[in-house]
Amino acid sequence: MNFIGENLFIGKLGHLLVIISWVASLIAAIAFFKASSRKQDAEKDSWLALARGSFLVQVLGIITVFGLIFYICQQHLYEYLYAYKHASKELEFRYLLACIWEGQEGSFLLWAIWHALIGVFFMARYKKQEWQAPVMTVISVAQFFLLMMLLGIYISDIKIGSSPFYLTRNELDAPIFNRPEYLEFIKDGMGLNVLLRNYWMVIHPPVLFLGFASTLIPYAFAYAGIRNRKFGEWVKPAIPWALFAACVLGVGIMMGGKWAYESLSFGGYWAWDPVENASLVPWLILVAGLHTMAVYQATGHSLRASYFFIILSLVFILYSTFLTRTGVLGDTSVHSFTEAGKAINLMIGSFVLAFTLPMLVMFVKHYKEIPAIHKEEESSSREFWMFIGSLVFFLTAMFIIAKTSVPVYNKVFGTSIAPPEDVEFSYNKVVVMVAIVVGLLTAIAQYMKYKHTPGKYLLKKIAFPTLVASLITGLLAIFYPITYYSKGAGFLGALYVALFASIYATVANAMYIWLVIKGNLKQAGASLTHAGFALMLTGMIISSGNKEVISSSLVNGITLPASGKDPMTKQTDNPLENLTLIRQVPTRMSNYEVTYLKDSAGHEKGRKFYKLQFDRKEKGSAGISESFVLQPDVYMMKDNNMSSNPDTKTYLNRDIFTYISYALKDKNVEDTSTFQVTEMHIGDTAFYGNGQFVLNKVVRNPRNQRFQYQEDDAALMADITFISRDSMRYHALPLVEVDSFGLHHVDDTVYAQNLFVRFTGISDDQKVRIGVRETDQMIDFVTVKAYVFPYIVLVWFGIILMAAGFIVSLIRRSGMRGWQGALLLAGVTIALLYMFLFAN
Amino acid sequence: MKKTHIIILIGIAALIGGLLMYSVDFSTYDSIDSAKKKEGKFVHIIAKLDLSQPIEYDPVKNPNFLAFHAIDSLGGKTKVVYYNSKPTDLEKSERIVMKGKMQKDHFECKDILLKCPSKYKDDKNQLEKNMQEQTTTEY
Chain L
39 MNFIGENLFI GKLGHLLVII SWVASLIAAI AFFKASSRKQ DAEKDSWLAL ARGSFLVQVL
99 GIITVFGLIF YICQQHLYEY LYAYKHASKE LEFRYLLACI WEGQEGSFLL WAIWHALIGV
159 FFMARYKKQE WQAPVMTVIS VAQFFLLMML LGIYISDIKI GSSPFYLTRN ELDAPIFNRP
219 EYLEFIKDGM GLNVLLRNYW MVIHPPVLFL GFASTLIPYA FAYAGIRNRK FGEWVKPAIP
279 WALFAACVLG VGIMMGGKWA YESLSFGGYW AWDPVENASL VPWLILVAGL HTMAVYQATG
339 HSLRASYFFI ILSLVFILYS TFLTRTGVLG DTSVHSFTEA GKAINLMIGS FVLAFTLPML
399 VMFVKHYKEI PAIHKEEESS SREFWMFIGS LVFFLTAMFI IAKTSVPVYN KVFGTSIAPP
459 EDVEFSYNKV VVMVAIVVGL LTAIAQYMKY KHTPGKYLLK KIAFPTLVAS LITGLLAIFY
519 PITYYSKGAG FLGALYVALF ASIYATVANA MYIWLVIKGN LKQAGASLTH AGFALMLTGM
579 IISSGNKEVI SSSLVNGITL PASGKDPMTK QTDNPLENLT LIRQVPTRMS NYEVTYLKDS
639 AGHEKGRKFY KLQFDRKEKG SAGISESFVL QPDVYMMKDN NMSSNPDTKT YLNRDIFTYI
699 SYALKDKNVE DTSTFQVTEM HIGDTAFYGN GQFVLNKVVR NPRNQRFQYQ EDDAALMADI
759 TFISRDSMRY HALPLVEVDS FGLHHVDDTV YAQNLFVRFT GISDDQKVRI GVRETDQMID
819 FVTVKAYVFP YIVLVWFGII LMAAGFIVSL IRRSGMRGWQ GALLLAGVTI ALLYMFLFAN
Chain W
1231 MKKTHIIILI GIAALIGGLL MYSVDFSTYD SIDSAKKKEG KFVHIIAKLD LSQPIEYDPV
1291 KNPNFLAFHA IDSLGGKTKV VYYNSKPTDL EKSERIVMKG KMQKDHFECK DILLKCPSKY
1351 KDDKNQLEKN MQEQTTTEY
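Chains L and W, in that order, give the protein sequences. Taken in order, the first sequence gives residues 39 to 878; the numbers are from my numbering. Taken in order, the second sequence gives residues 1231 to 1369; the numbers are from my numbering.
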């Protein structure tokens, strides 16, 4: 059949380019490998020329492929399944890129593009060096595997990869495809999943994938070290790459945390979700490797450990890809990644194995040849404690990944182990110990010297920071104690020790810059990074330890609490944490009086914002000391599901975090009841269904919160008090106005009593005509949940400081020119400050 | 023995200790019938919403009380009580993972994880259904 309106050329071109790039990456891998096994000669040069040429072909190929996918999504070419699945016409422009990496194929392509760009940079920078051929071999092999996922070809009956250029009519079964003009009927695509429509979806995946891609380079250097039999020399050029990878990956992970905090309603930035763990684990191992590499550079110790950690950091990047992409996590993750089908699973599996087994075999085989110093490090040496720190990081990573992999054991051994009752606590109780050890180590080891530290020197230097940190912790304990009582005194104690350790590490590392290196910022990379990391820990302990739920359904009696205790945990903390706000009825929430003012539609289809007015009223004083409006929103999806996005009021010392936990789906605005009009004088009382009301006064041209009239207007406002049978009082201010268009009513509502109130007019005998309409319709309300996160801003400052520290180290270790370094540092810091603290 | 080795051993012991700590409080995936046999123990149940029974939820009366019936693939049925607000897409869910404890006449659920068709965009059936709905109105 000839189909009308299809643009098939792009798909054919794209598919061809994927195949060409794939073949080119294979040729590049073989040629780089051949080149790396030869000494400097003419043959080596010809292999290198072939390899570089093929690699560049591959680079151009995949960049064009990316462009083509962008084009089919941007042009809404729904004959392509990828566009149909991920794009839609209502999608805002900024989400166009996001919808490309929403899909499995697009995200593999993104990863491959970072490899390609790093490869080009690498070839340019290490042109003449012996590292080029072996490192590029590894990058090319990685490209070979990544591009294989995009192939979408059949070899006999086996499907290899999944192409982003599949046609909708070939992939889906629907009667519509029997018609040649089927495209006319496909009005729109599915679009980007509304849960992902967030500004972080545009930024977080590229940063995280750049982190993944750059972790490959230290690994490739480790390979090159063995391959070239330069067992120790690879460390020096690999350190800047490891710093870069740790910086980017770390920032990428916390961007994910910020995203979760801003748009998911689980109330926090970290939930020990498998997908989060999967990227944290390689980062921890990479940081362990970074420290042992620094030790090796300074002392010659810990080379074997460096190999081990650097190899495993990439292995766990790939393993986490396996965990999150193959659907093996299934029911344990809120991030619903989908099962991509057996074919893709096998390929991801082979990708993992190809980068794990041969490298580990090489490492074990040459283990004895890797130089090691057999004299032991002194206990007073910095390198000894750095090694211990690395080991703690590594074992923590092992603990986290062992727990995260439970679904894998269940699959393999047929067991049915499920996560514990309190998943977060099962991690926190271990990680808090790690925080203590790591905090103390980063504080003290920083002041030690390599090889040997005289005890007096250490004591003299560390005394002042120790005093300051103890003072700060003591003051905090007295004036701002941690109130995390629900896990018992033991855990609270551990939290205090961890709080001290992290403050100690922050203070000690910050002071190190002045006390020891005398303000030489070029040398301060490690101290800045440590201070940032420790500041982040401090922020995490305070913000989670003193996180407080301020919405309580007990305040307005709308709920009927079963008992004062949590029926599940039998603890005293109250589970009735959802507060129902009836429209326009101010309700108490902690120090605030919250009023649900109205809802409004966003400019995206199906998005609804709920305007909540917060008035801060201190207990015992009548005035409002502060007012602000939060607008949490709810997304109505195409299939009538709802998704809730919180809104946050940020102060320097706390965040007020609010989201809608329940909202009415559609309100009936149609109403058949009519106004009952009563004529009354000022001061008269009249009755309505559920009580009585008093006309207090009539105001001419009112000027108040609601109305702003001028002297020469013609408006009358009635001031009425409704007193219900349960003697609750409500205020209503209906208004009538005469303007050039005639009579105009502004009705008021008493939602709590289901009333609409109208100033109908003035009767001939100067009585005021008040119309009251009682409805039996469902009143309008929303249910909200609100938290206070104290000092969460420290977490974001910490990660930015940490990133800046990594960059400072990177500048020094890579021998970058001064101005280049300054530019890079300023650029990264400003960008991160903007992203984490000001955007959104 | 070198002190590094000793510390590595201590570290590994701590790791195993940590994992053992974990294994004490891990839970299990159960069917409704097997959960009924361990009343009061924290378990995970994977089930479906029983559509033949009504969902009880009146947010004006109490936004933190939800009751519904669940049925699992082995045919076991139970009433479920959840002291929290109703997950917004409960009715649309294909599968529900419930965490909590079985009581005498109902399952007291602490946490609910929904698997909804909408999230499974890669699911071919869902795409086809969507395509059907979108295009059939035009015939």
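The beta carbon of each residue, even a glycine, is placed where N, CA and C say it ideally should be. Note that the structure is a prediction, hence the values are computed from the model and not measured.
Do you know how far the Cα of L:E586 is from the Cα of L:M718?
Rounded to the nearest angstrom, the two C-alpha atoms are 49 Å apart.
Going by DSSP, name the residue or residues bridged to L:R692.
Partner(s): L:P828.
Are the region 379 to 391 of chain L and the region 267 to 280 of chain L touching, with three or more C-beta to C-beta distances below 8 Å?
The region 379 to 391 of chain L is not in contact with the region 267 to 280 of chain L.
Is the number of C-beta pairs between the region 846 to 858 of chain L and the region 420 to 434 of chain L that are closer than 8 Å three or more?
Verdict: no, contact absent.
At least one CB of chain W closer than 8 Å to the CB of L:M766: is that the case?
Chain W contact via Cβ: absent.
Sorted by chain position, which residues of the same chain lie with C-beta nearer than 7 Å to L:A902's C-beta, five sequence neighbours on each side aside?
Because chain L here runs from 39 to 878, residue 902 of chain L falls outside it and cannot be looked at.
For W:H1274, go through chain L and note every residue whose CB falls closer than 9 Å to its CB, in chain order.
By Cβ distance, chain L contributes D369, S454, A456, P457.
For the region 213 to 239 of chain L, list every residue whose C-beta sits within 7 Å of some C-beta in chain W, in sequence order.
Per Cβ criterion, the list reads I214, F223, I224, K225, M228, N231.
Please classify L:A326 as buried or exposed, where buried requires at least 16 neighbouring CB atoms within 10 angstroms.
When all chains shown are included, L:A326 counts as buried.
Classify L:E421 as buried or exposed, calling it buried when 16 or more other Cβ atoms lie within 10 Å of its own Cβ.
Flag for L:E421 reads buried.
When the cut-off is 8 Å and only beta carbons count, does W:L1266 lie next to chain L?
The question names Leu, yet the displayed sequence has Lys at residue 1266 of chain W. Output row for W:K1266: interface = no.
Taking DSSP as the reference, what is the three-state secondary structure of L:F164?
Residue identity differs from the one stated: residue 164 of chain L is Tyr in this sequence, not Phe. Three-state DSSP puts L:Y164 in coil, outside helix and strand.
Listed in chain order, which residues of the region 425 to 453 of chain L have Cβ atoms closer than 9 Å to some Cβ of chain W?
So the close ones are F425, I426, L429, V430, F432, L433, T434, M436, F437, A440, K441, V444, N448, T453.
So, with DSSP's three-state summary, where would you put L:L871?
Three-state result, L:L871: helix.
Does DSSP classify L:T813 as helix, strand or coil?
Of the three classes helix, strand and coil, the one that applies to L:T813 here is coil, per DSSP.
Note down, in chain order, each residue of its chain lying with its Cβ closer than 7 Å to the Cβ of W:S1257, except the 5 sequence neighbours on either side.
So the qualifying residues of the chain are F1272, V1273, H1274.
Does the CB of L:D211 have a neighbour CB from chain W at under 8 Å?
Interface residue, yes.
Can you check whether the CB of L:V632 is closer than 8 Å to the CB of L:Q651?
For L:Q651 and L:V632, yes; Cβs fall inside 8 Å.
Quick check: is the beta carbon of W:A1277 nearer than 8 Å to any beta carbon in chain L?
No, W:A1277 does not count as interfacial toward chain L.
For L:A572 and L:L771, I'd like the C-alpha separation in whole angstroms.
So the alpha carbons of these two residues sit roughly 55 Å apart.
For the alpha helix (DSSP H) that L:Y345 lies in, which residues bound it at each end?
341 to 363 is the span of the alpha helix (DSSP H), which, as asked, contains L:Y345.
Flag W:M1328 as yes if its beta-carbon sits less than 8 Å from any beta-carbon of chain L, otherwise no.
No, W:M1328 does not count as interfacial toward chain L.
Give me, in chain order, the residues of the same chain whose beta-carbon lies closer than 6 Å to that of L:V319; leave out the 5 immediate sequence neighbours on both sides.
Here the set comprises F354, A435, I438, I439.
What does the Cβ neighbour count give for L:L312, buried or exposed, with the cut at 16 atoms within 10 Å?
According to the sequence as given, residue 312 of chain L is Pro; it is not Leu. Under this definition L:P312 is a buried residue.
Hey, does W:K1309 have any beta-carbon neighbour from chain L nearer than 8 Å?
W:K1309 does not count as touching chain L.
For chain L, find out if any of its Cβ atoms is closer than 8 Å to the Cβ of W:S1282; answer yes or no.
Taking Cβ atoms only, chain L never reaches closer than 8 Å to W:S1282, which makes this a no.
Name the DSSP beta bridge partners of L:D311, please?
None, per the DSSP bridge assignment.
Taking 8 Å as the CB-CB limit, is W:L1250 close to chain L?
For W:L1250, the answer is no, since every Cβ of chain L falls outside 8 Å of its Cβ.
Per DSSP, which one or two residues make a beta bridge with L:F647?
In the DSSP output, where bridge partners are listed per residue, L:F647 has L:S638, L:D671.
Quick test of your reading: L:L135 and L:V240, contact by CB under 8 Å. State the CB separation rounded to the nearest angstrom.
Rounded, the Cβ-Cβ distance is 6 Å, consistent with contact.
For the alpha helix (DSSP H) that contains L:V470, what are its first and last residues?
Looking at the DSSP string, the run of the alpha helix (DSSP H) that includes L:V470 is 461 to 483.
Measure the alpha-carbon distance for L:A339 versus L:H412 and round it to whole angstroms.
Reading off the sequence shown, one finds His at residue 339 of chain L, where the question assumed Ala. Looking at the two C-alpha atoms, the distance is approximately 9 Å.
Identify, in the order they occur along the chain, each residue of the same chain with its Cβ nearer than 6 Å to the Cβ of W:M1328, setting aside the five sequence neighbours on each side.
Closer than 6 Å at Cβ, skipping near neighbours: I1275, C1339, I1342.
Ignoring anything shorter than 4 residues or poking outside the region 127 to 193 of chain L, list the alpha helix (DSSP H) runs there in chain order.
Qualifying alpha helix (DSSP H) stretches, in chain order: 133 to 140, 142 to 163, 170 to 186.
Name the chain L residues that come within less than 9 Å of W:S1303, Cβ to Cβ?
Within chain L, no residue comes near W:S1303; the closest Cβ sits about 13 Å away, beyond 9 Å.
Based on the DSSP output, what are the partners of L:L754 in its beta bridges?
Answer by DSSP bridge pairing, in chain order: L:R738, L:V774.
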